[in-house]
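Following: one structure in structure tokens, then a few remarks.
2 protein chains.
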Amino acid sequence: MSKVITSREENYSQWYNDIVKKAGLADHSAVRGCMVIKPLGYAIWENMKAELDKAFKDTGHVNAYFPLFIPKSFLSKEAQHVEGFAKECAVVTHHRLMNDPNGNGVVVDPSAKLEEELIVRPTSETIIWNTYKDWIQSYRDLPLLINQWANVVRWEMRTRPFLRTAEFLWQEGHTAHATKEEAIKEAELIHEIYTRFLEDTVGIPIIKGAKTPHERFAGAEETFTVEALMQDGKALQAGTSHFLGQNFAKAFDVKYLTDANKEEYVWATSWGVTTRMVGAMVMVHSDDEGLVIPPKLAPTQVIIVPIPKPKDELMVHAKKIAEELKQLGIRCKIDDDTKKRPGFKFAEHEMKGTPIRIGIGQRDLDKGVAEVARRDTKEKMSIPLNNLGTEIQKLLSEIQTNLFNRSKTFRDDRITQVDTFDEFKETLENKGGFISAHWDGSVETEMKVKELTKATIRCIPLNNQKERGKCVLSGKPSEQRVLFAKAY
Amino acid sequence: MSKVITSREENYSQWYNDIVKKAGLADHSAVRGCMVIKPLGYAIWENMKAELDKAFKDTGHVNAYFPLFIPKSFLSKEAQHVEGFAKECAVVTHHRLMNDPNGNGVVVDPSAKLEEELIVRPTSETIIWNTYKDWIQSYRDLPLLINQWANVVRWEMRTRPFLRTAEFLWQEGHTAHATKEEAIKEAELIHEIYTRFLEDTVGIPIIKGAKTPHERFAGAEETFTVEALMQDGKALQAGTSHFLGQNFAKAFDVKYLTDANKEEYVWATSWGVTTRMVGAMVMVHSDDEGLVIPPKLAPTQVIIVPIPKPKDELMVHAKKIAEELKQLGIRCKIDDDTKKRPGFKFAEHEMKGTPIRIGIGQRDLDKGVAEVARRDTKEKMSIPLNNLGTEIQKLLSEIQTNLFNRSKTFRDDRITQVDTFDEFKETLENKGGFISAHWDGSVETEMKVKELTKATIRCIPLNNQKERGKCVLSGKPSEQRVLFAKAY
Numbered sequence: 032m033s034k035v036i037t038s039r040e041e042n043y044s045q046w047y048n049d050i051v052k053k054a055g056l057a058d059h060s061a062v063r064g065c066m067v068i069k070p071l072g073y074a075i076w077e078n079m080k081a082e083l084d085k086a087f088k089d090t091g092h093v094n095a096y097f098p099l100f101i102p103k104s105f106l107s108k109e110a111q112h113v114e115g116f117a118k119e120c121a122v123v124t125h126h127r128l129m130n131d132p133n134g135n136g137v138v139v140d141p142s143a144k145l146e147e148e149l150i151v152r153p154t155s156e157t158i159i160w161n162t163y164k165d166w167i168q169s170y171r172d173l174p175l176l177i178n179q180w181a182n183v184v185r186w187e188m189r190t191r192p193f194l195r196t197a198e199f200l201w202q203e204g205h206t207a208h209a210t211k212e213e214a215i216k217e218a219e220l221i222h223e224i225y226t227r228f229l230e231d232t233v234g235i236p237i238i239k240g241a242k243t244p245h246e247r248f249a250g251a252e253e254t255f256t257v258e259a260l261m262q263d264g265k266a267l268q269a270g271t272s273h274f275l276g277q278n279f280a281k282a283f284d285v286k287y288l289t290d291a292n293k294e295e296y297v298w299a300t301s302w303g304v305t306t307r308m309v310g311a312m313v314m315v316h317s318d319d320e321g322l323v324i325p326p327k328l329a330p331t332q333v334i335i336v337p338i339p340k341p342k343d344e345l346m347v348h349a350k351k352i353a354e355e356l357k358q359l360g361i362r363c364k365i366d367d368d369t370k371k372r373p374g375f376k377f378a379e380h381e382m383k384g385t386p387i388r389i390g391i392g393q394r395d396l397d398k399g400v401a402e403v404a405r406r407d408t409k410e411k412m413s414i415p416l417n418n419l420g421t422e423i424q425k426l427l428s429e430i431q432t433n434l435f436n437r438s439k440t441f442r443d444d445r446i447t448q449v450d451t452f453d454e455f456k457e458t459l460e461n462k463g464g465f466i467s468a469h470w471d472g473s474v475e476t477e478m479k480v481k482e483l484t485k486a487t488i489r490c491i492p493l494n495n496q497k498e499r500g501k502c503v504l505s506g507k508p509s510e511q512r513v514l515f516a517k518a519y
Numbered sequence: 032m033s034k035v036i037t038s039r040e041e042n043y044s045q046w047y048n049d050i051v052k053k054a055g056l057a058d059h060s061a062v063r064g065c066m067v068i069k070p071l072g073y074a075i076w077e078n079m080k081a082e083l084d085k086a087f088k089d090t091g092h093v094n095a096y097f098p099l100f101i102p103k104s105f106l107s108k109e110a111q112h113v114e115g116f117a118k119e120c121a122v123v124t125h126h127r128l129m130n131d132p133n134g135n136g137v138v139v140d141p142s143a144k145l146e147e148e149l150i151v152r153p154t155s156e157t158i159i160w161n162t163y164k165d166w167i168q169s170y171r172d173l174p175l176l177i178n179q180w181a182n183v184v185r186w187e188m189r190t191r192p193f194l195r196t197a198e199f200l201w202q203e204g205h206t207a208h209a210t211k212e213e214a215i216k217e218a219e220l221i222h223e224i225y226t227r228f229l230e231d232t233v234g235i236p237i238i239k240g241a242k243t244p245h246e247r248f249a250g251a252e253e254t255f256t257v258e259a260l261m262q263d264g265k266a267l268q269a270g271t272s273h274f275l276g277q278n279f280a281k282a283f284d285v286k287y288l289t290d291a292n293k294e295e296y297v298w299a300t301s302w303g304v305t306t307r308m309v310g311a312m313v314m315v316h317s318d319d320e321g322l323v324i325p326p327k328l329a330p331t332q333v334i335i336v337p338i339p340k341p342k343d344e345l346m347v348h349a350k351k352i353a354e355e356l357k358q359l360g361i362r363c364k365i366d367d368d369t370k371k372r373p374g375f376k377f378a379e380h381e382m383k384g385t386p387i388r389i390g391i392g393q394r395d396l397d398k399g400v401a402e403v404a405r406r407d408t409k410e411k412m413s414i415p416l417n418n419l420g421t422e423i424q425k426l427l428s429e430i431q432t433n434l435f436n437r438s439k440t441f442r443d444d445r446i447t448q449v450d451t452f453d454e455f456k457e458t459l460e461n462k463g464g465f466i467s468a469h470w471d472g473s474v475e476t477e478m479k480v481k482e483l484t485k486a487t488i489r490c491i492p493l494n495n496q497k498e499r500g501k502c503v504l505s506g507k508p509s510e511q512r513v514l515f516a517k518a519y
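Heads up: the sequence lines are chains A and B, in that order.
Residue numbers for the first sequence follow this note's numbering, beginning at 32 and rising by one.
Residue numbers for the second sequence follow this note's numbering, beginning at 32 and rising by one.
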């Protein structure tokens, strides 16, 4: 199985598609732009969900569920929102089918036209703030810290599994606060939760930053972003947390009575991460042999392969080891397929990204050891059976750390400081990655750079040193460097 | 707060709506027929999900995710399916909005009409079997045991929160098998999982049965159902598991190569339970004071109320007790609101169905006891502090059992055997519940009974004794009794 995927060097884009397909993460569907998330891909998403859900709940958030549909008129209530957002979407116009009078299956029943069209939610600010109007009267009702796990639809012209699909899965948090300060603090808290999650669980080093006004979410006053770097040198926005000011409260007339009995508009945030993170995980960690899954996200962390066959005493030992590992909380399986040979199984689990493989053979057993292979470095080692559980635990943690460190080195090597536009273009073309350059702060320059190079401002890093300089394109004065990159 | 809901006796339907609203389970939304599931309602659903998901996974099922949309033409591929099912649904006809040329918000862009309309899934057999065609080639690919957690839409004219809504949440399992026997066994296994779940977790006694051909799922050869009884004497179908034969395999041309290299159509099942179960839980266990949640589903199992106020030493003790309970795996919270008085809090937690309330007052503390109240019987007791954890654990388990037993007694008292149609009507009118009566097996009789009484055949119980008799309506010979009832 080892030669079935295109190498990264040959064609990075095809390499990604090959892994998604061959590892069994997702499949195309009969519906344009929509993917089928296969069991392995979905199990990774479930692990992501569990981890994030816990982090949200630990910080006082609760889950709820709002309608899939949004009345068309809601979208135009917040002016910027509809401008920046809601145009490419799925529109429901009818609510009934009928038998085709000509006998060809079913057709739309023209008499079942909706009075007002419904939009399949591209995001839920409008329907949620319309609801919050009923839920919020006084400061006692605040803060409202609500999250929703849902599917959303944005009609995309060019789609790629996980990275950009018409329908995707996500969580969207929508919080309401009494003060501006509290809302900003909430947006920052979530920004930090996303950072911790991506770095500690997904193993992806990220840059914390703020978006430029032009790149902000439509309707936001500030958008915080976590930006990651893929192996082809392109950036990927992995999650965003928005401070929405009072924009949606004003659009939907959501006011509250303060402690002092004064009426005020409510302050808002919204924030989300999506199944796109599965794509980012693939792109950051995998190699030319296939998928690499960080142990914390791996549905199966350890696969045990009896050699040459899963039978008799070998299976007894395999089960004993599996039991020991499960006791330690390790997600472990025995490959007991009797029809495939060990070599085939090795390649298969390599392709599917299982972090650790344990080979159990009679000769090793006689020596009191097991043959252990780690997926990230492909290193093999003999580990004494009497110490196997502890060693595997250590190894899983080591793999998790190694994946993060490896990607961090890669990423750090690809943040290049440039001071001229020639350097800018040269770096972008030959090296890729993030380019740290001065920018005059104008949207004109931002768009001109994009037009000339396809690079966008990924973010204004939060830990930026203020530094006076000259804009890399316009030469006008600049107060700080920002990070440019081509992006997914 | 105790008088804020209508009593069951006065108006059962209004009582239900009052509880849903006042306990904060769900709210109406701006979209016709769609509800907002509020945090308490959603947390109960999450607990249901977790329990079912574990049961599915323990029996070898995996989760995946298929598209929200189904191409219109798919629906007509399985003839019975489209006849029985897919007419009242949300139809997507366009994929873009544009600014209204007259300046009034946004309108549908007529140039963005889809070539083929998309249907928001009312259930996913068609899109899934279209996908299985690519996934199944040989007997080695079977069985395929896949479940999906998703939202679905069926355009309903009359809706009620949880019980019948245009959009609802559910799980839908779709399995593929090499043999008929294996598929039937799968449908039975799930039927048993639903039974165990409803009885052991939701505390609802159910009757396991098969649907009549007329009441089967459109496209199924056998539909197994779990039927429950509500406090107003009406039945509710709480979950169904279908043996689909080879109908969908034939409609989507899904064949596999057998061990002997012969081509055969694949055998199928599908099965689902929905957010309707939250409604069933409310209707079965709650009382005139509000919601009653079985401990296994309660997001908060124990609420601690410091009396008179959450301060100083009382809070120290409350936290100590909460910590002790949490150590035992009990979901416990302290009501530390300083603005509400104990009496108000008591009524509030009663309304919200929290299984156990612990009052912590200085006088009780001095005596070394806590005042404990259980929600199901409203009984109060003093429990020594040094034994509190163990006693609360016991009490939770006792409440869980009591709720089941109470509903079982209620249900058993309302299964009435009748032999004449006068008795049938009289029982239905005055007593309600399930009516066990002979039926001649014809769809004509089944529909005539429905027309005359609104009662339908809920199921043919699986544990039925064969018993010759005469049909309660037609007088024709019958082989067994079936259960009739009015139903939600």
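All C-beta atoms in this analysis are idealised placements derived from N, C-alpha and C, irrespective of residue type, glycine included.
Item	Value
Nearest candidate by alpha-carbon position, reference S155 of chain A, set A:V123, A:A143 and A:T206	A:T206
T524 of chain A, enclosing beta strand (DSSP E) - first and last residue	One cannot answer for residue 524 of chain A here, as it falls past the ends of chain A, which runs 32 to 519.
Sequence-distant residues of the same chain with beta carbon closer than 6 Å to T37 of chain A, five excluded per side	Q45, W46 and D49
G276 of chain B: first and last residue of the uninterrupted alpha helix (DSSP H) it sits in	That residue, G276 of chain B, is in no alpha helix (DSSP H); its beta strand (DSSP E) goes A266 to G276.
P244 of chain B, buried or exposed, once every other Cβ within 10 Å from all chains shown has been counted against 16	exposed
Rounded straight-line distance, which links the Cα of I101 of chain B to that of K69 of chain B	29 Å
Residues within the segment 79 to 109 of chain B neighbouring chain A, beta-carbon criterion of under 8 Å	V93, N94, A95, Y96, F97, P98, L99, F100, I101, P102, K103, S104, F105, L106 and S107
Candidates A:R127, A:W160 and A:N161: closest to V151 of chain B by CA position	A:R127
Minimum Cβ-Cβ distance from M32 of chain B to chain A less than 7 Å	For M32 of chain B, the predicted model reports a pLDDT of 44, less than 50, meaning its position is unreliable; a value from the coordinates is still stated below. Judged by the 7 Å Cβ criterion, M32 of chain B is not in contact with chain A.
Nearest-angstrom Cβ-Cβ length linking I177 of chain B and P98 of chain B, presumed shorter than 8 Å	Not a contact, Cβ separation roughly 14 Å.
Neighbour flag for H126 of chain B against chain C, beta carbons, 7 Å	Absence of chain C from the displayed structure is noted, the protein chains being A and B.
Contacts that T476 of chain A makes with chain B (C-beta to C-beta distance below 7 Å)	What T476 of chain A touches in chain B: nothing, since even the nearest Cβ is about 28 Å away.
Cβ-based contacts, 9 Å cut-off: residues of the segment 198 to 228 of chain B near chain A	E198 and L200
Closer than 7 Å to chain B by CB, K118 of chain A	yes
Straight-line Cα distance separating E482 of chain B from F283 of chain A	47 Å
Residues near S33 of chain A by beta carbon distance below 7 Å, same chain, minus five either side	Because S33 of chain A sits at a pLDDT of 46, beneath the cut-off of 50, its placement in the model cannot be relied upon, and the following sentence gives the value as read from the coordinates. Closer than 7 Å at Cβ, skipping near neighbours: E320 and A378.
Any chain A beta carbon closer than 7 Å to A121 of chain B	yes
Under 8 Å (Cβ pairs) to chain B, residues found in the segment 40 to 61 of chain A	D58, S60 and A61
Minimum Cβ-Cβ distance from E320 of chain B to chain A less than 7 Å	no
Identity of the residue in A:R171, A:Y170 and A:V184 nearest L149 of chain A by Cα	A:V184
Residues within the segment 157 to 186 of chain B neighbouring chain A, beta-carbon criterion of under 9 Å	I158, I159, N161, T162, D165, W166, R171, I177, Q179, A181, N182, V184 and W186
Check whether A349 of chain A and C363 of chain A have beta carbons under 7 Å apart	no
Min CB distance C490 of chain B to chain A below 7 Å	no
DSSP state of L416 of chain A mapped onto helix, strand, coil	helix
Three-way DSSP call (helix, strand, coil) for F515 of chain A in this model	strand
Contact with chain B by E381 of chain A, beta-carbon distance below 7 Å	no
Distance, I491 of chain B Cα to K242 of chain B Cα	6 Å
Cβ pair A468 of chain A, A266 of chain A closer than 7 Å	no
Three CB pairs or more closer than 8 Å across the segment 403 to 414 of chain A and the segment 79 to 98 of chain A	no
N-terminal and C-terminal residue of the beta strand (DSSP E) that F193 of chain B is part of	No beta strand (DSSP E) contains F193 of chain B, which DSSP labels as neither H nor E.
Other residues of its chain near M346 of chain A: CB distance less than 8 Å, five sequence neighbours each side excluded	P337, I365 and D367
Test: G136 of chain B CB closer than 7 Å to a CB of chain A	yes
Exposure label - T440 of chain A; buried when at least 16 CB within 10 Å	exposed
Coarse secondary structure for L328 of chain A, derived from DSSP in three states	helix
Alpha carbon of K85 of chain A to alpha carbon of F228 of chain A, nearest angstrom	11 Å
According to DSSP, residues forming a beta bridge with Y3 of chain A	What is shown of chain A runs 32 to 519, which leaves residue 3 of chain A out entirely.
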